[in-house]
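Colleague:
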Amino acid sequence: MRYIDASQLRPGMQLADNLYSLGSGQMIMPRGTVLDDKLISRLEMYPTSRISIQEGLWEPTKEPASPDLPPSYAQRLRQTPEFQQFKSDFEETFSSFKWSINEIVKQDSDISDKKVSEMAEPVFHLITATTGPSHLFDMLHCLRQYDDETYAHSVNVALIAHSIGVWMNLPEEDLNVLTKAGLMHDIGKLMVPHNIISKPASLTSDEYNIIKEHTLHGYEILKDQNIDERIKLAVLEHHERCDGSGYPNHLVGKDIDPFAKVIALADVYDAVTSPRVYRDAQCPFIALSIIENEGMQKYDSSAYLSFMSNVVNIYLLNQVRLNDGRKGEIVFINREFFSKPTIRIGNEYIDLSLNPQLYIEELL
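Using my numbering, the first residue of the sequence shown is number 493, and each one after it goes up by one.
1. Within a Cβ cutoff of 7 Å, which residues of the same chain sit near residue 765, ignoring the five residues on either side of it in sequence?
2. Which residue's Cα is closest to the Cα of residue 861: 796, 651, 647?
3. Answer with buried or exposed for residue 674, where buried requires no fewer than 16 other C-beta atoms within 10 angstroms of its C-beta.
4. Could you pull the DSSP bridge partners for residue 852 from this structure?
5. My assumption, with CB atoms under 8 Å, is that residue 714 sits in contact with residue 704. Please give the rounded CB distance.
6. In whole angstroms, what separates the C-alpha of residue 751 from that of residue 611?
7. Given a cut-off of 8 Å on the beta-carbon distance, is the pair residue 727 and residue 739 in contact?
8. Could you give the DSSP three-state label for residue 620: helix, strand or coil?
9. Any contact of the region 615 to 625 with the region 578 to 587, i.e. 3+ C-beta pairs under 8 Å?
10. Once DSSP output is grouped into helix, strand and coil, what is the label at residue 551?
11. Quick check: the Cα distance between residue 522 and residue 690, rounded to an integer number of angstroms?
12. Can you tell me which of the three DSSP states residue 807 falls into?
13. What would DSSP say about residue 761, mapped onto helix, strand or coil?
14. Going by Cα to Cα distance, which pick from 542, 681, 833, 511 is closest to residue 495?
15. Contact defined as beta carbons within less than 8 Å: I believe residue 662 pairs with residue 670. What is the distance between those atoms, to the nearest angstrom?
16. For residue 524, name the three-state secondary structure that DSSP assigns.
17. Secondary structure at residue 606, three-state DSSP: helix, strand or coil?
18. Rounded to a whole number of angstroms, what is the C-alpha to C-alpha distance between residue 502 and residue 837?
19. Please classify residue 696 as buried or exposed, where buried requires at least 16 other C-beta atoms within 10 Å of its C-beta.
20. Going by DSSP in three states, residue 597 sits in which element: helix, strand or coil?
21. Below 6 Å CB to CB, which residues in the same chain sit around residue 532 once its five sequence neighbours on both sides are set aside?
22. Who are residue 866's beta bridge partners in DSSP?
23. Following the continuous alpha helix (DSSP H) through residue 721, name the residue where it begins and the one where it ends.
24. What span of residues does the beta strand (DSSP E) with residue 495 cover, start to end?
25. Which of helix, strand or coil does DSSP assign to residue 556?
26. Go to residue 842, then tell me how far its beta strand (DSSP E) extends in each direction, as first and last residue.
27. How long is the line joining the alpha carbons of residue 631 and residue 576, rounded to whole angstroms?
28. Tell me, to the nearest whole angstrom, how far the beta carbon of residue 856 is from that of residue 807; I am working on the premise that it is less than 8 Å.
29. By the DSSP assignment, the beta strand (DSSP E) with residue 820 in it spans what residues?
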């Protein structure tokens, strides 16, 4: 084993130890990973210490042999007029919301239920343009290109929260308010300095504390406005967690607004699966793994189970690339470990729950 800098990495090298980000402590790659150009580029986005490499194992890497696969559903979907129209409508929705919400905050205008409904109308148009939550998730997965932590993120969270509400069989009026709450949930970020929101590196502890204040800023903007109280509480409480570990008030499950609990899941999922200035968009199964590791101690059990079970079903039979480079197809969903399905590669079946060194790195 020897230690080298990230700049010295070459395709074919193998990690001798698990690799962790210095900024967050999150594991980036497990021990034994064989590096290729894509993985090396990914490592360059994270602050890390010197990297341990297995001695004597380096040889130029070749693409792992995988069966030839036909064009994936996502690849075909991106070519359809239907997707191109959705993309165009999404861009209009994103731009319209950005302009409207900035005008409200800049001019310190009153915000009424009517105004929120007007801002949300294009979001509901996106929803009705799809055949249901599964179709909507497919569209969003093909659209992951906006490295925006406020406006596109707010539209995404509104769409995802609506889908979770459908899976939870919420009545139409609740779905309407939940979607608006998702759209407004990060309004407080407009009060956070842009250089912190868009910083292309790990935040300092002081900067992170400033970011956390966005829930209080958002509630302050909305608290005296004539809008549904559940929207105000979702803005304030979407970073609370059921075990009391969240912020700003360290509430426990029974004290957290139900809509805030749904938006908490939508918020985390979209944050991980969307690109950021400091990294590419991550695979939905990485997001599911993060949520699964926190589990029902942090998230509302009803929202959690509805979300996890339905999202993984969307990706059944989807083509994927594993972290070792092999390509295969999801053929079985593990109800005990949602983020670790069984993958078929040719005639081989790989249960990811029995192979902790493997995970789904990319949906194809």
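Beta carbons: idealized from backbone N, C-alpha and C, even for Gly.
Modeller: In short, the structure shows the following:
1. As a working mapping, residue 765 is identified with position 273 in the sequence shown. Around residue 765: 636, 773, 774, 776, 779.
2. As displayed, the chain neither begins before 493 nor continues past 856, which places residue 861 out of reach and without an answer.
3. In the sequence shown, the residue the question calls residue 674 occupies position 182. With 16 or more Cβ atoms within 10 Å of its Cβ, residue 674 is classed as buried.
4. Along the sequence shown, read from residue 1 onward, the residue named residue 852 stands at position 360. Looking at the DSSP assignment, residue 852 forms a beta bridge with 814.
5. In the sequence shown, counting from the first residue as 1, residue 714 sits at position 222. In the sequence shown, counting from the first residue as 1, residue 704 sits at position 212. Actually they are not in contact, since the Cβ atoms of residue 714 and residue 704 sit about 18 Å apart, beyond 8 Å.
6. Taking the sequence shown and counting its residues from 1, the one referred to as residue 751 is at position 259. Taking the sequence shown and counting its residues from 1, the one referred to as residue 611 is at position 119. Their backbone Cα atoms lie some 19 Å apart in a straight line.
7. If you number the sequence shown from 1, residue 727 lands on position 235. If you number the sequence shown from 1, residue 739 lands on position 247. No; because the gap between Cβ atoms is not below 8 Å, this pair is not in contact.
8. Sequence index remark: in the sequence shown, residue 620 carries index 128 (1-based). Helix.
9. yes
10. The sequence position of residue 551 within the sequence shown is 59, counting from 1. Legend: pLDDT at residue 551 = 49, less than 50; position of this residue unreliable, no value from coordinates given.
11. Residue mapping note: residue 522 aligns to position 30 of the sequence shown, counting from 1. Residue mapping note: residue 690 aligns to position 198 of the sequence shown, counting from 1. Using only the alpha carbons, I get a separation of about 29 Å.
12. Here residue 807 is taken as the residue at index 315 of the sequence shown, counted from 1. Coil.
13. Within the sequence shown, numbered from 1, the residue matching residue 761 stands at position 269. Helix at residue 761.
14. Position 3 of the sequence shown holds residue 495. The candidate whose alpha carbon is nearest that of residue 495 is 542.
15. The residue given as residue 662 occupies position 170 in the sequence shown. The residue given as residue 670 occupies position 178 in the sequence shown. Indeed they touch by this definition, with Cβ atoms about 7 Å apart.
16. Numbered from 1 along the sequence shown, position 32 holds the residue referred to as residue 524. Looking at residue 524 - three-state DSSP - the assignment turns out to be coil, as it is neither helix nor strand.
17. Your numbering for residue 606 matches position 114 in the sequence shown. Of the three classes helix, strand and coil, the one that applies to residue 606 here is helix, per DSSP.
18. For the purposes of this step, residue 502 is taken as residue 10 along the sequence shown, with counting starting at 1. For the purposes of this step, residue 837 is taken as residue 345 along the sequence shown, with counting starting at 1. When rounded, the distance between both Cα atoms is 27 Å.
19. For the purposes of this step, residue 696 is identified with residue 204 of the sequence shown, where counting begins at 1. Label assigned to residue 696: exposed.
20. Along the sequence shown, one-based indexing puts residue 597 at 105. Residue 597: helix per DSSP, three-state reduction.
21. The sequence position of residue 532 within the sequence shown is 40, counting from 1. Answer for residue 532: 501, listed in chain order.
22. Outside the displayed span of the chain (493 to 856) sits residue 866, for which this structure offers no information.
23. One-based indexing of the sequence shown puts residue 721 at position 229. Where residue 721 is concerned, the enclosing alpha helix (DSSP H) stretches over 721 to 729.
24. Along the sequence shown, read from residue 1 onward, the residue named residue 495 stands at position 3. Element bounds for residue 495: 494 to 496.
25. As a working note, residue 556 is residue 64 in the sequence shown. For residue 556, the pLDDT reaches just 48, beneath the cut-off of 50, and the residue's location in the model is therefore unreliable, although a value from the coordinates is still provided. Reduced to three states, the DSSP call for residue 556 is coil.
26. To locate residue 842, count along the sequence shown from 1; it is residue 350. Where residue 842 is concerned, the enclosing beta strand (DSSP E) stretches over 840 to 843.
27. What you label residue 631 is simply residue 139 of the sequence shown in a count that begins at 1. What you label residue 576 is simply residue 84 of the sequence shown in a count that begins at 1. When rounded, the distance between both Cα atoms is 10 Å.
28. As a working note, residue 856 is residue 364 in the sequence shown. As a working note, residue 807 is residue 315 in the sequence shown. Actually they do not touch by this definition, with Cβ atoms about 11 Å apart.
29. Position 328 of the sequence shown, counted from the first residue, corresponds to residue 820. Where residue 820 is concerned, the enclosing beta strand (DSSP E) stretches over 819 to 824.
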